[in-house]
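For reference, the structure is listed below as structure tokens.
2 protein chains.
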Amino acid sequence: MDRNAPIGVFDSGIGGLTVAREIMRQFPEEKMVYFGDTARVPYGNKSKTSVIRFSEQIIRFLRTQEVKAIVVACNTASSYALEEVRKIEDIPIIGVINAGARTAAAVTRNRKIGIIGTAGTIGSGTYGNVLREMKPGVEVFGKACPLFVPLVEEGLLEDSVTDEIARRYLGVLKEKEIDTLVLGCTHYPLIRSTIARVMGSSVTLVDPAYETAVQLKTLLGSMETACDAGRELSAEEKYSFYVSDGAEQFTAFARTILPDVVKKTIQINIEEY
Amino acid sequence: MDRNAPIGVFDSGIGGLTVAREIMRQFPEEKMVYFGDTARVPYGNKSKTSVIRFSEQIIRFLRTQEVKAIVVACNTASSYALEEVRKIEDIPIIGVINAGARTAAAVTRNRKIGIIGTAGTIGSGTYGNVLREMKPGVEVFGKACPLFVPLVEEGLLEDSVTDEIARRYLGVLKEKEIDTLVLGCTHYPLIRSTIARVMGSSVTLVDPAYETAVQLKTLLGSMETACDAGRELSAEEKYSFYVSDGAEQFTAFARTILPDVVKKTIQINIEEY
């Protein structure tokens, strides 16, 4: 395996850029290929079969870019597809779920953990399964929050409507007296302050992006595949961005999350992979 | 052309069922094949290129079902793709835009017409172009309402949050003193009463679904392709439903719009067409 090969990162769209940003921060020397499936976004209400097929196509594309490892930055794809794609691929593939669950298991004191995410992520029960395996006796309460992504994409980050919807979604989790809440969708950290206000200061919010990068570090270290060449490269040389739709729109948005990093985005037809 | 062949109807997902319902009501004798692109829904924020490609794939699928005419029940696909697909197909294809525009042009008194729809429908300017051609001197004001579809899909049809969002979106159209408002997205008739309340009784709301069916009647009559065999058939024999994802989920929802009509939905891989 070429230690100087890039890391592949993919998401249903733009949300995974928060995970990409965390990886760039923790591994300034690594190269990265990011793919956002903007033609088929969102994944949150699609079936398991479709999300697995989409993930397989994306991994086939990323392999043409000769990546040395893949990060599934999308919670829905991690919930539904991670196990499937690991069976057929011979490079390491990690998802955001394990990382998020590990932090939640470490920080909870009363063993009552809430998970918020898309209908797919919550319906799959994957966070609960992983958490109960990591920490027997833990109680896990999931709540799907389908309006959070459209509210974020409409820019209502600090808004009375977002407050009202958050109160409705999160009320049931407050009643369960959870002390830890996993932000199980890459869009949710963008309304972290609203969620924190509604949940109150006694609840710890967990963002899987940070922990995913930590997990990747352990993985690359143990495989002795950490890159040693990237330091001298410019952002343009180190990072490539691909989407299945709307390259310009993606570039414009990506620059708000990753200024000076996203120079150009290339659109491909992912259905051909 | 076989006059007893079915009519093809397609949409990005479930919204087009309101158009299908209107066609079934006005043409009880016609057969129909409906396709909902639930694997790639929504179209509203996708690029023109992608929406054209999706529409071409769907039309290739509908042609395998030997349809005699096609109704593009999705406003975004009608805005972006109708002209393109008409160039390459030899059967009649009609969209919802022309029908909606015709009614709006007929009912406006002050020649100030509002259009609400997805970012794609509004950004394309298609309604405005068609309206100005039909009725020179008309003033057209478009407003994209991206949260309406997720609010409808979350079931918030009569809700204070939907009221608040509607007031924000529609305020700018009220200021323009429009007297006619086109519901330029097939989901919007489901929150018609909220929109009516916000706009007030002086504004006429136009739902293109009804007028699309009227236009189809004229078309089939003029081509002498009206069906004469469907009267004796059961709903199951007359109507077929196909989707690109989640057949069971679609069937359950479709039954709320079309009780006793949707017996079974078949999932296909639309990317193969």
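Residue numbers (our numbering), protein chains in the order written: chain A, 1 to 273; chain B, 1001 to 1273.
The beta-carbon is built from N, C-alpha and C at its ideal position, and this holds for glycine as well.
The model shown is predicted, which means the values in this text are computed figures rather than measured ones.
Check	Outcome
Taking a Cβ distance cut-off of 9 Å, strictly less, list which residues of the segment 144-168 of chain A are near chain B, in chain order.	Pro146, Leu147, Val149, Pro150, Leu151, Glu153, Glu154, Leu156, Ser160, Val161, Glu164, Ile165, Arg168
Closer than 7 Å, Cβ to Cβ, to anything on chain A: give me those residues from the segment 1030-1048 of chain B, in chain order.	Ala1039, Arg1040, Lys1046, Ser1047
Can you pull the DSSP bridge partners for Ala1069(B)?	Ile1007(B)
Measuring CA to CA, which of Thr218(A), Ser124(A), Val161(A) is closest to Val51(A)?	Ser124(A)
With a cut-off of 8 Å, does the C-beta of Ser1050(B) fall near any C-beta of chain A?	yes
Using the Cα positions of Ala5(A) and Lys217(A), report the straight-line distance between them to the nearest angstrom.	15 Å
With a Cβ-Cβ cutoff of 8 Å, do Phe141(A) and Tyr188(A) count as a contact?	no
Since Thr9(A) and Val19(A) are thought to touch, with beta carbons under 8 Å apart, how far apart are those beta carbons, to the nearest angstrom?	For clarity, residue 9(A) is Val in the given sequence; the question names Thr instead. Their Cβ separation, rounded to whole angstroms, is 6 Å, which keeps Val9(A) and Val19(A) in contact under 8 Å.
Is DSSP giving Ile1257(B) helix, strand or coil here?	helix
Would you please verify whether the beta carbon of Gly1246(B) is less than 8 Å from any beta carbon of chain A?	yes
Throw me the rounded Cβ distance for the Gly1184(B) and Asn1075(B) pair, which I believe falls under 8 Å.	5 Å
Give a single yes or no on whether Lys1087(B) has its beta carbon closer than 7 Å to a heavy atom of the ligand FAD.	Judged by which ligands are present, the structure shown has none, so any question about the ligand FAD falls away.
With distances taken between CB atoms, is the gap from Gly1100(B) to Glu1211(B) smaller than 8 Å?	yes
With a threshold of 8 Å on Cβ separation, who are the neighbours of Glu224(A) within its own chain once the five nearest residues in sequence on each side are excluded?	Arg3
Could you please tell me which residues of the segment 1051-1065 of chain B, in chain order, have their CB closer than 7 Å to any CB of chain A?	none
Using beta carbons (cut-off 8 Å, strictly below), is Glu1271(B) in contact with chain A?	yes
Taking 8 Å as the threshold, find out whether the segment 230-249 of chain A comes into contact with the segment 199-215 of chain A through three or more Cβ pairs.	no
Hey, would you say Val1261(B) sits closer than 8 Å to Tyr1239(B), going by beta carbons?	yes
Is the segment 1105-1112 of chain B in contact with the segment 1079-1089 of chain B, if contact means three or more CB pairs nearer than 8 Å?	no
Check whether the Cβ atoms of Val138(A) and Ile113(A) sit closer than 8 Å, and answer yes or no.	yes
Considering only DSSP beta bridges, list what Glu139(A) is partnered with.	Lys112(A)
Taking the continuous beta strand (DSSP E) assigned at Gly1095(B), which residues delimit it?	1093-1095
In whole angstroms, what separates the C-alpha of Val1054(B) from that of Met134(A)?	Note that residue 1054(B) is Phe in the sequence shown here, rather than Val. Taking the straight line joining both Cα atoms gives about 43 Å.
Could you give the first and the last residue of the continuous beta strand (DSSP E) run that contains Gly36(A)?	32-36
Let me know the secondary structure DSSP gives Leu157(A) once reduced to three states.	coil
Beta-carbon separation of Gly1016(B) and Ala1073(B) under 8 Å?	yes
For Ser79(A) versus Gly120(A), is the C-beta spacing smaller than 8 Å?	yes
When the Cα atoms are used, what is the spatial distance from Gly1200(B) to Pro150(A)?	27 Å
Could you pull out every unbroken alpha helix (DSSP H) segment of at least 4 residues lying fully inside the segment 1184-1250 of chain B, listed in chain order?	1192-1199, 1208-1222, 1235-1238
What residues are listed by DSSP as bridge partners for Ala1144(B)?	Gly1117(B)
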